[in-house]
Every structure is written in C-alpha cells, then in structure tokens.
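What follows is a set of notes on a single structure, which appears directly below.
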Ligand code: FAD
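Numbering (UniProt numbering), first residue to last: 1 to 437.
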C-alpha cells in the first residue's frame with residue numbers, strides 16, 4: 001500500500017458517530033484507517049480472567065468491525081503494548097497523520113507521550129481532541145485561572161458556560177466514504193487469544209428515556225427502582241457520546257441529571273491537575289490516619305457479610321453484576337473507611353477490580369469523598385449510619401431482599417461492629433491522625 005493515510009486511534013471512544021477525533025481524521029483529505037489496541041500492559045495485569053470490561057470492549061470492537069465491513073472498510077485490531085504495535089504499524093502502513101481523543105489518566109498520558117515521541121521521530125503529527133468530557137481541564141477555571149478544588153463553585157461556572165457550541169455534534173457520517181477500502185473483513189483477536197474467557201454477559205441498553213430523566217431527581221436515590229440511567233459503562237468506553245447525552249438531558253429539563261455529568265467532568269479535571277490523588281489523599285493531612293486494616297474484616301465487607309443489610313446488598317450486587325447503585329456505593333465506601341477504619345485505597349482497588357464502569361477519576365473521587373480526604377469533603381465527623389440510610393432509601397427493604405435473601409432469617413449475620421462504638425472510634429482516630437499534620 002502506498003497511498004498516504006490518516007489513522008484514527010480509538011481508545012475510550014468506541015463509536016463511529018459524533019466522535020471528534022474520527023471527524024478530524026475523516027476531513028483530513030486522506031483515506032482513514034481506524035486502529036484499536038488491546039493493551040497488554042493493562043490486560044495482563046487484571047486478576048480475573050473473566051472480565052466484564054474486556055468482554056464489553058471485545059463485543060464493541062466486533063460490532064465496529066461489522067459496521068466498517070458494511071462500508072467496505074475495516075479496523076486494524078491488535079493485542080500488544082501500544083509502543084510495539086505502533087512500531088509495527090509504521091512498518092506496515094504509509095501513515096501521514098494520527099488522530100485520537102484525550103485520555104486523562106496518568107498511565108494514558110504517559111503512553112500517549114511515548115507514542116507521540118515515536119511518531120514525531122517519523123515526522124508524523126499526533127493530534128488529540130476533546131471528546132470524553134464536555135469541558136476540558138483548562139476550560140472551567142477560577143477567576144485567577146486556577147483549577148477549582150470544590151465542586152459547588154465549579155458546577156456553577158460549568159452550568160453558566162454550557163451552551164449549544166459545546167454540545168454540537170461532529171457529523172462523521174457525512175464523511176464515511178473517506179474510510180480506507182479494504183478487500184476483506186479485518187481480524188479481531190479472540191478473547192481466548194488474550195487469555196480471557198467470556199462471562200456471557202448482557203449489558204445495559206445504550207439509551208435512556210426522557211421520562212427517566214424527567215423523574216431522575218426523585219428516583220435516583222432509591223436503589224430498588226430502575227431510577228438511574230445505567231449508562232456508566234457506555235460513558236466509560238465512549239459507546240455513546242457525552243454531547244448527545246448532555247443535549248438530551250438539557251432538552252428534557254433534567255438539571256439534576258446534567259449535574260451528574262458535571263461531577264464526571266469535575267473528577268476528570270481533579271485527576272489532571274492533582275495527579276497525586278491516584279496514590280495519596282487529595283488533602284495530604286489525611287495520609288496520617290492510623291487505619292486498622294484488618295484483613296478478615298475486609299474480606300467480610302468484600303463478600304457482603306457485614307450484618308448491615310444495605311452494605312451487604314450493595315456488595316453482593318457489585319459481586320454479581322459488576323455495578324452498584326450510587327447511593328449504596330456511598331454507604332458501602334463510608335462503612336469501610338469509617339466503621340472498619342480500612343484504608344480507602346483498599347476499597348478503591350476492590351471496586352476497580354469489580355466495577356464494569358470503573359473509571360479511575362470517578363472512583364477515586366467517590367472513595368476520597370467517602371473517606372473525607374478529597375475535594376469538597378464532608379467533615380470527617382459526619383459518619384453515615386447504614387441502618388438509617390436503609391430506612392430512608394429502601395424503606396420497604398425491596399433492594400435488600402433482592403440481594404440478601406436470608407435477610408430477616410436466623411441465617412443472617414449479626415452486625416460485625418456496633419454502630420455507636422464504630423462511629424466514635426472513627427471520629428477519635430481521624431482526630432488523632434489530623435493532629436499529626
Ligand atoms: P446515573 O445516575 O444515571 O448518572 C449518569 C452518569 O453520570 C453516570 O453514568 C456517570 O458517568 C456520571 N456520574 C454520576 N454520578 C457521578 C459521580 N458521583 N461522579 C462522577 N460521575 C458521575 N462512576 C463511574 O463511572 N465509575 C466509577 O468507577 C465510579 N466509582 C464510584 C465509587 C464510589 C465510592 C462512589 C460513591 C461513586 C462512584 N461512581 C463511579 C459514581 C456513580 O456511582 C456512578 O457513575 C453511577 O452509579 C453509575 O450509574 P448510572 O450510569 O446509572 O448513573
């Protein structure tokens with residue numbers, strides 16, 4: 001092949017419609033070859049060889065390959081380390097320019113810098129666009145041009161700034177005839193070739209109804225109801241466009257739902273500006289807390305056997321379907337950090353292993369919120385009461401009975417720790433830790 005090409009490198013934007021990088025590639029004046037890399041560095045480090053995220057990505061890549069094959073085109077899909085794969089691609093294809101969308105994680109930024117360096121040596125421009133977030137990390141700043149560290153003022157500025165311009169669509173379909181033509185369907189490595197076995201999962205729908213968005217404000221805190229969108233896996237891997245979703249939320253008048261998308265942007269920019277949060281407390285003084293870190297207690301929490309029904313229901317929902325309702329994520333996370341005094345990083349890592357929507361920025365933000373060590377932290381002396389939370393948000397116990405069928409029977413575990421004692425212990429331990437600063 002001698003014809004100069006543009007490449008679009010897909011990562012967490014697995015769709016052909018309304019995709020910024022793809023649009024720029026398709027309008028670059030050269031035939032476009034899409035590329036996807038199953039990154040060995042990430043996949044080989046996963047503990048479980050049945051993994052919902054890998055299965056989801058694999059299904060999506062097959063689906064994209066089918067869509068492209070219908071247009072007489074295809075995508076190069078490889079399993080390897082990104083740098084090695086790019087070295088191969090440069091040998092195999094006359095690549096003139098590479099387009100991609102920003103990824104805000106620390107590992108991803110390092111990976112992109114390495115690939116950009118390799119391409120630069122070959123004189124190939126590497127252009128990254130904003131696509132995953134509505135506002136990039138430098139678009140919503142304080143008057144002094146510094147990043148916000150508290151959500152409420154950030155969200156005020158975010159909502160003020162939001163207009164049609166930021167939600168406009170990239171009409172990629174107009175230019176689909178610019179995809180490179182290939183004679184045959186291009187191969188996709190199988191799950192088995194990457195040492196994974198399928199779970200045979202079915203995943204949530206890619207759409208949300210206007211009616212759910214309109215009632216979201218009243219239903220979103222009730223885990224027994226299908227009151228949230230369950231779009232998190234699609235937002236994580238970009239199978240839907242954040243701009244399409246935000247437009248729908250605006251048109252259906254759901255300010256509360258739009259605000260959740262604002263939280264998502266907020267945590268992206270926290271991770272970008274304060275990368276230390278990946279390993280440390282956002283507020284450094286919280287790194288002095290003397291965690292108890294009892295492994296047996298941690299195992300009970302993981303298995304959903306704490307004797308606190310809402311905590312147990314949440315953990316079993318997570319272990320069974322790889323998703324947990326947001327209200328229950330808050331309660332289970334708080335229970336681990338405060339009632340058991342286990343380092344939030346242990347819980348964060350467990351969620352990272354299990355969540356089908358695992359996203360470093362939101363997960364880290366959620367955990368640091370629960371531990372009180374993050375941005376916008378609730379004062380540490382506010383400790384969720386898991387029983388009161390259950391009475392308020394699952395008053396009929398429907399959610400609890402679904403995931404903890406032995407609830408209310410003699411077989412159900414007794415609370416592993418007394419609430420009043422644990423609350424006081426948490427307050428005392430935090431107080432001592434924070435004094436050390
Ligand atoms: P909806 O209520 O329908 O919200 C729509 C979308 O808004 C979500 O899909 C998500 O993309 C975004 N969103 C909602 N709430 C938040 C939030 N607090 N922070 C950031 N984005 C938000 N979300 C993840 O996507 N990945 C994670 O790994 C993750 N880990 C979490 C860990 C803890 C301890 C906590 C308290 C929250 C975590 N969240 C995480 C945020 C939130 O719980 C999920 O986004 C939400 O439950 C996903 O379900 P949904 O799609 O039905 O959400």
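Every residue, glycine too, gets a C-beta built ideally from N, C-alpha and C.
Using DSSP's beta-bridge definition, name the partner residues of residue 141. 147
Quick test of the definition: if touching needs 3 or more C-beta pairs under 8 Å, does the stretch 256-274 touch the stretch 305-314? no
For residue 10, the residue or residues it bridges with in DSSP: 36
Helix, strand or coil for residue 173? Go by DSSP, reduced to three states. helix
Between residue 5 and residue 64, how many whole angstroms is the CB-CB distance? I'm expecting something under 8 Å. The Cβ separation is near 18 Å, so there is no contact.
Looking at the secondary structure, which residues open and close the beta strand (DSSP E) in which residue 126 lies? 126-129
Classify residue 71 as buried or exposed, calling it buried when 16 or more other Cβ atoms lie within 10 Å of its own Cβ. exposed
Helix, strand or coil, according to DSSP, for residue 101 in the structure here? strand
Rounded to whole angstroms, what is the Cα-Cα separation between residue 2 and residue 174? 26 Å
Separation of residue 310 from residue 109, as counted between CA atoms: 38 Å
Distance CB(residue 38)-CB(residue 189) smaller than 8 Å: yes
Let me check understanding here. Comparing Cα to Cα, which of 54, 333, 343, 211 lies closest to residue 203? 54
Exposure label - residue 11; buried when at least 16 CB within 10 Å: buried
Assign residue 8 to one of two classes, buried (16 or more other C-beta atoms within 10 Å of its C-beta) or exposed (fewer than that). buried
Spell out a yes or no on whether the stretch 269-281 and the stretch 124-144 are touching, meaning 3 or more CB-CB pairs, one atom from each, closer than 8 Å. yes
I'd like the ranges of any alpha helix (DSSP H) spanning at least 4 consecutive residues and lying wholly in the stretch 40-108. 40-43, 52-70, 82-92
Straight-line CA distance for residue 33 to residue 178? 9 Å
Apart from the five residues just before and just after residue 368, which ones in its own chain have a Cβ nearer than 7 Å to its Cβ? 277, 281, 282, 344, 374
Got a sec? Which residues, its chain only, sit under 7 Å from residue 49 by beta carbon, not counting five neighbours each side? 195, 196, 197
By Cβ distance below 7 Å, which residues in the same chain neighbour residue 401 in space, the five residues on each side in sequence not counted? 407
Measure the Cβ-Cβ separation of residue 426 and residue 338 and say whether it is below 8 Å. yes
One or two residues paired with residue 5 in a DSSP bridge: 95
Is any non-hydrogen atom of the ligand FAD found closer than 7 Å to the C-beta of residue 261, if you look at the structure I gave you? yes
Check whether residue 246 and residue 261 have beta carbons under 8 Å apart: yes
Can you check whether the CB of residue 434 is closer than 8 Å to the CB of residue 285? yes
With hydrogens ignored, establish whether the beta-carbon of residue 231 is closer than 7 Å to any heavy atom of the ligand FAD. yes
Any heavy atom of the ligand FAD closer than 7 Å to the beta-carbon of residue 79? no
For residue 274, which three-state DSSP category applies? coil
Starting from residue 166 and walking both ways along the alpha helix (DSSP H), at which residues does that stretch end? Where residue 166 is concerned, there is no enclosing alpha helix (DSSP H), given that its DSSP letter is neither H nor E.
Quick check: residue 342 and residue 429, are their CB atoms within less than 8 Å of each other? no
Is it the case that the CB of residue 330 approaches a heavy atom of the ligand FAD more closely than 7 Å? yes
Apply the 10 Å Cβ neighbour rule to residue 394 and answer buried if 16 or more other Cβ atoms are within range, or exposed otherwise. buried
Hey, quick one: how far does the alpha helix (DSSP H) through residue 431 stretch, first residue to last? 419-435
Does any heavy atom of the ligand FAD sit closer than 7 Å to the C-beta of residue 326? yes
Applying the criterion that 16 or more other CB atoms from any shown protein chain within 10 Å of the CB defines a buried residue, is residue 410 buried or exposed? exposed
Please determine whether the Cβ atom of residue 319 lies at a distance below 7 Å from any heavy atom of the ligand FAD. no
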